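Asks: Dropping the structure in here first, questions after.
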Amino acid sequence: MSENPGAPVLELPASENSVERRMVLNMGPQHPATHGVLRLVVEIEGEIIVSLRPEIGYLHTGIEKTCEAKFYQQVVPLTDRINYLDPLSNNLCYCLAVEKLLGLEIPERAQWIRVLFTELSRLNSHLIWLGTHAMDIGALTVFLYTFREREEILRIFEAVAGQRMMTSYFRIGGLAMEPPLDLFDRIQAFINTFPEKIDEYSNLLTGNPIFINRLKGTGYLSAADAIAFGVTGPPLRASGVDIDLRRDMPYSSYEKFQFKVPTSTVGDNWARYEVRLVEMRESTKIIQQALDGMPGGPVKADAPKIVLPDREKMKTQMEALIHHFKIVTEGFDVPAGEVYQAIECGHGQMGYHIVSDGTAKPYRVHMRYPSFATLQALETMVKGGLIADLVAVIGSIDIVLGEIDR
Numbered sequence: 001m002s003e004n005p006g007a008p009v010l011e012l013p014a015s016e017n018s019v020e021r022r023m024v025l026n027m028g029p030q031h032p033a034t035h036g037v038l039r040l041v042v043e044i045e046g047e048i049i050v051s052l053r054p055e056i057g058y059l060h061t062g063i064e065k066t067c068e069a070k071f072y073q074q075v076v077p078l079t080d081r082i083n084y085l086d087p088l089s090n091n092l093c094y095c096l097a098v099e100k101l102l103g104l105e106i107p108e109r110a111q112w113i114r115v116l117f118t119e120l121s122r123l124n125s126h127l128i129w130l131g132t133h134a135m136d137i138g139a140l141t142v143f144l145y146t147f148r149e150r151e152e153i154l155r156i157f158e159a160v161a162g163q164r165m166m167t168s169y170f171r172i173g174g175l176a177m178e179p180p181l182d183l184f185d186r187i188q189a190f191i192n193t194f195p196e197k198i199d200e201y202s203n204l205l206t207g208n209p210i211f212i213n214r215l216k217g218t219g220y221l222s223a224a225d226a227i228a229f230g231v232t233g234p235p236l237r238a239s240g241v242d243i244d245l246r247r248d249m250p251y252s253s254y255e256k257f258q259f260k261v262p263t264s265t266v267g268d269n270w271a272r273y274e275v276r277l278v279e280m281r282e283s284t285k286i287i288q289q290a291l292d293g294m295p296g297g298p299v300k301a302d303a304p305k306i307v308l309p310d311r312e313k314m315k316t317q318m319e320a321l322i323h324h325f326k327i328v329t330e331g332f333d334v335p336a337g338e339v340y341q342a343i344e345c346g347h348g349q350m351g352y353h354i355v356s357d358g359t360a361k362p363y364r365v366h367m368r369y370p371s372f373a374t375l376q377a378l379e380t381m382v383k384g385g386l387i388a389d390l391v392a393v394i395g396s397i398d399i400v401l402g403e404i405d406r
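Residue numbers are given in the UniProt record's numbering: position 237 of the sequence shown equals residue 237, and the series is strictly consecutive.
Here it is in structure tokens:
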């Protein structure tokens, strides 16, 4: 792996007994700064990190195997629980993969609403990251600020889906239902003030000398190392690699939206902080474009044997009732084949590989989540650095253990 040209080189004192002076520390598995049930086996000499080994599996659920025992439509609620900070992106990636196998054409209105809510979900994820990252370093106030805005986003999710976190709002073939009449007005009111809130976060942190000293020059990750480890999302773009699937491999009508992809060439903790801060501003612009150009029409594909009928039709039309009963009790057959669908979520590139054997249940479901790859790069980012900087580096990569263990 490449050397770190941006960070100070810490020289260990030469000694024949240096190995004897080394100490092995356990960080976790229950540690507030590991952002989940993660154990880090850290070998140090003095205050310098010699090696680091992540121990995972404490949150293992076997969720991929569980998906294979469910009807395709029953998998959607499971996807919420993998990256529980960005649930709607999970819904979207899975639904796009199954829809590709089915050859479904999704109404334009449903696609735009999906963009609208995945960007709100991205803001939700970034707000949690910023609040907890700042709190890890000692800036406790920012956590209260970011959760103030996150609370309004969760209320919007609850208004449209009846659930604050595990929404399951996106469904195979479109959306669960048309959003409430006043929902777009609530979202507009939220984003009208959100740029000012980002300014507040920046005023609290960007000029804070303690925050600057904890982040600048620490946790360096070169572009070559980031690519070698398979790192994606903000940590990759903060190392100078300009890749964003929303722009480069657009899905769900993202090609119709104008936004910038923030990058940096510095590759340290500070660069990752700056990239995500700008990303929140760009997500706000995408949400505004979605509200301004929202098309009319249905929010479900015209596929009565796949998509559940509206409840009013189910109550008044016998054919709709039959379709509802058969979909719920028997599922629907998906043509044999396999597909891989990737999207850009708040943490990086998320992908679903689904293999169908022609039945109503998937033969194989494999999930590619960004946190697993990003965690592999952690040792490279902290080796040779101070143990005091480890917490700052973990916070900067923004991992979710539900993605890593599965």
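Where a beta carbon is used, it is the ideal one built from N, C-alpha and C, also for glycine.
Because the structure is a prediction, the values reported are computed rather than measured.
Can you say whether aspartate 182 is buried or exposed, counting buried as having 16 or more other CB atoms within 10 angstroms of its CB?
Replies: For this step, residue 182 is matched to residue 182 along the sequence shown. Classification of aspartate 182: exposed, given that the 10 Å Cβ count is below 16.
Asks: Got a sec, what are the start and stop residues for the beta strand (DSSP E) valine 98 sits in?
Replies: For this step, residue 98 is matched to residue 98 along the sequence shown. Premise fails: valine 98 lies in the alpha helix (DSSP H), 87 to 102, not in any beta strand (DSSP E).
Asks: What are the boundary residues of the alpha helix (DSSP H) that includes glutamate 47?
Replies: Numbered from its first residue, the sequence shown carries residue 47 at position 47. Note, glutamate 47: premise wrong, no alpha helix (DSSP H); not H, not E.
Asks: By a C-beta neighbour count over all protein chains shown, 10 Å radius and 16 as the cutoff for buried, is asparagine 91 buried or exposed?
Replies: One-based indexing of the sequence shown puts residue 91 at position 91. Buried, because 16 or more other Cβ atoms sit within 10 Å of the Cβ of asparagine 91.
Asks: Taking its Cβ as the centre, do 16 or more other Cβ atoms sit within 10 Å of serine 371, making it buried, or is it exposed?
Replies: Position 371 of the sequence shown, counting from 1, holds the residue named residue 371. Serine 371 is buried by the Cβ-count criterion.
Asks: If you check the beta carbons only, do tyrosine 369 and methionine 350 fall under 8 Å apart?
Replies: Taking the first residue of the sequence shown as position 1, residue 369 is located at position 369. Taking the first residue of the sequence shown as position 1, residue 350 is located at position 350. Going by C-beta atoms, tyrosine 369 is nearer than 8 Å to methionine 350.
Asks: Classify lysine 300 as buried or exposed, calling it buried when 16 or more other Cβ atoms lie within 10 Å of its own Cβ.
Replies: Numbered from its first residue, the sequence shown carries residue 300 at position 300. By the 10 Å Cβ count, lysine 300 comes out buried.
Asks: Quick one: measure Cβ to Cβ for isoleucine 306 and leucine 96, integer angstroms, because I've assumed they're closer than 8 Å.
Replies: Here residue 306 refers to the residue found at position 306 when the sequence shown is read from its first residue. Here residue 96 refers to the residue found at position 96 when the sequence shown is read from its first residue. Not a contact, Cβ separation roughly 15 Å.
Asks: When you compare each of Ile227, Leu390, Ile172, Thr118 to glutamate 282 by their alpha carbons, which one comes out closest?
Replies: As a working mapping, residue 282 is identified with position 282 in the sequence shown. Glutamate 282 has its Cα closest to that of Thr118, out of Ile227, Leu390, Ile172, Thr118.
Asks: Counting only runs that start and end within the stretch 256 to 331, where is the alpha helix (DSSP H) found for 4 or more residues in a row?
Replies: Counting only runs of 4 or more, we get 269 to 292, 311 to 316, 318 to 330.
Asks: Could you give the C-beta distance for proline 335 and alanine 320, rounded to a whole number, given that I count them as a contact under 8 Å?
Replies: Numbered from 1 along the sequence shown, position 335 holds the residue referred to as residue 335. Numbered from 1 along the sequence shown, position 320 holds the residue referred to as residue 320. Proline 335 to alanine 320, Cβ: 24 Å. No contact.
Asks: Check serine 396 in the structure and name its three-state DSSP category.
Replies: Position 396 of the sequence shown holds residue 396. Helix.
Asks: Taking the alpha carbon of alanine 271 as the reference point, which residue from Ser396, Asp185, Pro180 has its own alpha carbon closest?
Replies: Numbered from 1 along the sequence shown, position 271 holds the residue referred to as residue 271. The candidate whose alpha carbon is nearest that of alanine 271 is Ser396.
Asks: Span of the beta strand (DSSP E) holding glutamate 338?
Replies: The residue labelled residue 338 in the question sits at position 338 within the sequence shown. Where glutamate 338 is concerned, the enclosing beta strand (DSSP E) stretches over 337 to 345.
Asks: Hey, would you say asparagine 124 sits closer than 8 Å to isoleucine 82, going by beta carbons?
Replies: Within the sequence shown, residue 124 is the residue found at index 124, counting from 1. Within the sequence shown, residue 82 is the residue found at index 82, counting from 1. Going by C-beta atoms, asparagine 124 is not nearer than 8 Å to isoleucine 82.
Asks: Taking the DSSP output, what are the residues bridged to histidine 35?
Replies: The residue you call residue 35 lines up with position 35 of the sequence shown. Histidine 35 pairs with nothing; no bridge assigned.
Asks: Count the other CB atoms, across all protein chains shown, that sit within 10 Å of the CB of glutamate 196; report buried if there are 16 or more and exposed otherwise.
Replies: As a position in the sequence shown, residue 196 is number 196, starting the count at 1. It is exposed - the Cβ of glutamate 196 has fewer than 16 other Cβ atoms within 10 Å.
Asks: Using 8 Å as the threshold, is the C-beta distance between leucine 221 and alanine 360 below it?
Replies: By one-based count along the sequence shown, residue 221 stands at place 221. By one-based count along the sequence shown, residue 360 stands at place 360. Contact: no.
Asks: What residues are listed by DSSP as bridge partners for methionine 367?
Replies: If you number the sequence shown from 1, residue 367 lands on position 367. BP columns for methionine 367 point to Tyr352.
Asks: Leaving out five residues before and five after proline 209 in sequence, what residues of the same chain have Cβ atoms less than 6 Å from its Cβ?
Replies: Residue mapping note: residue 209 aligns to position 209 of the sequence shown, counting from 1. Nothing meets the Cβ criterion.
Asks: Can you tell which of Leu401, Ser121, Val41, Asp389 has the C-alpha that lies nearest to the C-alpha of lysine 216?
Replies: Residue 216 sits at position 216 when you count from the first residue of the sequence shown. It is Asp389.
Asks: Just reading off the beta strand (DSSP E) that asparagine 26 is part of, what are its end residues?
Replies: Along the sequence shown, one-based indexing puts residue 26 at 26. Residues 22 to 27.
Asks: Looking only at DSSP bridge pairs, what is glutamate 55 linked to?
Replies: Position 55 of the sequence shown holds residue 55. DSSP, once it has assigned bridges, lists Arg39 as partnering glutamate 55.
Asks: Shortest alpha-carbon distance to leucine 127 belongs to which of Ile137, Arg148, Tyr251?
Replies: Within the sequence shown, residue 127 is the residue found at index 127, counting from 1. Looking at the Cα atoms, Arg148 is the closest of the given residues.
Asks: Ends of the alpha helix (DSSP H) at alanine 178?
Replies: Counting from 1 along the sequence shown, the entry for residue 178 is found at position 178. At residue 178 the sequence reads glutamate, which differs from the alanine that was named. Looking at the DSSP string, glutamate 178 is not in any alpha helix (DSSP H), and its letter there is neither H nor E.
Asks: Can you give me the Cβ contacts of isoleucine 354 inside the same chain, cut-off strictly under 6 Å, excluding the 5 residues immediately before and after it?
Replies: Counted from its first residue, the sequence shown places residue 354 at position 354. If we look at isoleucine 354 and ignore the five residues flanking it on each side, its Cβ neighbours are Ala97, Val339, Pro362, Val365.
Asks: For arginine 22 versus glutamate 55, is the C-beta spacing smaller than 8 Å?
Replies: If you number the sequence shown from 1, residue 22 lands on position 22. If you number the sequence shown from 1, residue 55 lands on position 55. Contact flag unset, no.
Asks: Starting from the Cα of proline 32, find the closest Cα among Ser89, Gly138, Leu78 and give me that residue.
Replies: Here residue 32 refers to the residue found at position 32 of the sequence shown. For proline 32, the nearest C-alpha among the options comes from Gly138.
Asks: Label glutamate 99 either buried or exposed according to how many other C-beta atoms from any shown protein chain fall within 10 Å of its C-beta, with 16 as the threshold for buried.
Replies: Position 99 of the sequence shown, counting from 1, holds the residue named residue 99. The residue is buried, with at least 16 neighbouring Cβ atoms inside 10 Å.
Asks: How many whole angstroms separate the CB atoms of valine 231 and alanine 392, which I take to be in contact at a CB cut-off of 8 Å?
Replies: As a position in the sequence shown, residue 231 is number 231, starting the count at 1. As a position in the sequence shown, residue 392 is number 392, starting the count at 1. At roughly 17 Å, the Cβ-Cβ gap does not stay under 8 Å, so valine 231 and alanine 392 are not in contact.
Asks: Give the secondary structure of arginine 214 by DSSP, where H, G and I count as helix, E and B as strand, and everything else as coil.
Replies: Position 214 of the sequence shown, counted from the start, is the residue given in the question as residue 214. In the structure shown, arginine 214 sits in a helix (DSSP, three-state: H, G or I).
Asks: Check each candidate in Gly358, Leu120, Val400 and name the one with the smallest Cα separation from glutamate 68.
Replies: Against the sequence shown, residue 68 aligns to sequence position 68. Ranking Gly358, Leu120, Val400 by Cα distance to glutamate 68 puts Gly358 first.
Asks: Leucine 88: which of Met135, Leu175, Ala224 sits nearest, CA to CA?
Replies: Along the sequence shown, one-based indexing puts residue 88 at 88. Considering only alpha carbons, the answer is Leu175.
Asks: Do threonine 218 and aspartate 292 have their beta-carbon atoms positioned less than 8 Å apart in this structure?
Replies: Position 292 of the sequence shown, counting from 1, holds the residue named residue 292. Position 218 of the sequence shown, counting from 1, holds the residue named residue 218. Cβ atoms of aspartate 292 and threonine 218: not closer than 8 Å.
Asks: What are the boundary residues of the alpha helix (DSSP H) that includes glutamine 74?
Replies: Reading the sequence shown from its first residue, position 74 is the one you call residue 74. Unbroken run through glutamine 74: none, as it is neither H nor E.
Asks: Kindly say whether valine 365, judged by its beta-carbon, lies nearer than 8 Å to any beta-carbon of chain B.
Replies: The structure shown has no chain B; it contains just one protein chain.
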